[in-house]
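The letter at position 115 of the sequence shown is residue 133 when you use my numbering, and the numbering goes up by one with no holes. First the structure, in the form of structure tokens, and then the observations on it.
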Amino acid sequence: MSEEQPTIVAVVMGSTSDWETMRHAVELLDQFGVPNEHRIVSAHRTPDLMAEFARGAAGRGLRVIIAGAGGAAHLPGMIAAHTWLPVLGVPVESKTLRGVDSLLSIAQMPAGVAVGTLAIGVAGAKNAALLAASIIGLSDAAVRAKVEAFRQEQTAAVLAQRLA
């Protein structure tokens, strides 16, 4: 029986409605073999829990946090304000402004509180997982090999395409 690896990437989101987007990050992290956790941590509805989560993240062994939020998407920035760990922000598409509001909320951080901002929606969630795995791959050869294989598979799939 193999020993379970400690969680090193957290995927957090502001509400259950964000899961349909953020699950893609979890699925890709699982594909890369990156131990991860996912949970709801709201910047607006559970600010104390959010701050506690962020402050304790490094001490629990986390190395990257992926935070997704929609609308007034303050979660990634507020988490970044409470931890030195890299925070990757995923703007979740909103009904009113199709995620542009989310994107601007995450991207327009003041100097000194850095959030790596990704694309709106599923592409952003997937790329956040790819970036997190690449960061982990700097010190984990097995994860690096899986990221490299993923990239090679993408290249091969494009090269195999033919127009009718």
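Cβ coordinates follow ideal geometry from the N, Cα and C atoms, glycine included.
Counting C-beta atoms within 10 angstroms of its own C-beta, Arg-169 has fewer than 16 neighbours from the protein chains shown and is therefore classed as exposed. Counting only the Cα atoms, Val-176 lies some 35 angstroms from Leu-103.
A straight-line Cα-Cα distance of about 22 angstroms links Gly-77 and Gly-32. Cα atoms of Asn-145 and Leu-106: separation of roughly 10 angstroms, rounded to the nearest angstrom. Beyond the five residues adjoining it in sequence on each side, Ala-61 comes within less than 6 angstroms, by CB distance, of Met-68, His-92, Leu-93, Met-96 in the same chain, given in chain order.
Between the C-alpha atoms of Leu-46 and Ala-167 there is a straight-line separation of about 13 angstroms. In this structure, Ala-75 and Ala-28 form a Cβ contact; the two beta carbons are roughly 7 angstroms apart against a cut-off of 8 angstroms. Taking Pro-53 as reference, the option from Asp-158, Thr-64, Pro-65 with the minimal CA-CA separation is Asp-158. Of Val-140, Glu-111, Ala-85, the smallest CA-CA separation from Val-59 is found for Ala-85. Around Glu-111, the same chain offers Gly-117, Ile-138, Gly-139 as residues with beta carbons nearer than 6 angstroms, after the five sequence neighbours per side are excluded. The criterion of a C-beta distance shorter than 8 angstroms is not satisfied by Val-108 and Ala-150. As the crow flies, the alpha-carbon of Gln-23 is around 16 angstroms from that of Val-44. Taking His-56 as the centre and dropping the five residues before and after it, the same chain places the C-beta of Val-29, Val-44 closer than 6 angstroms to its C-beta, in chain order.
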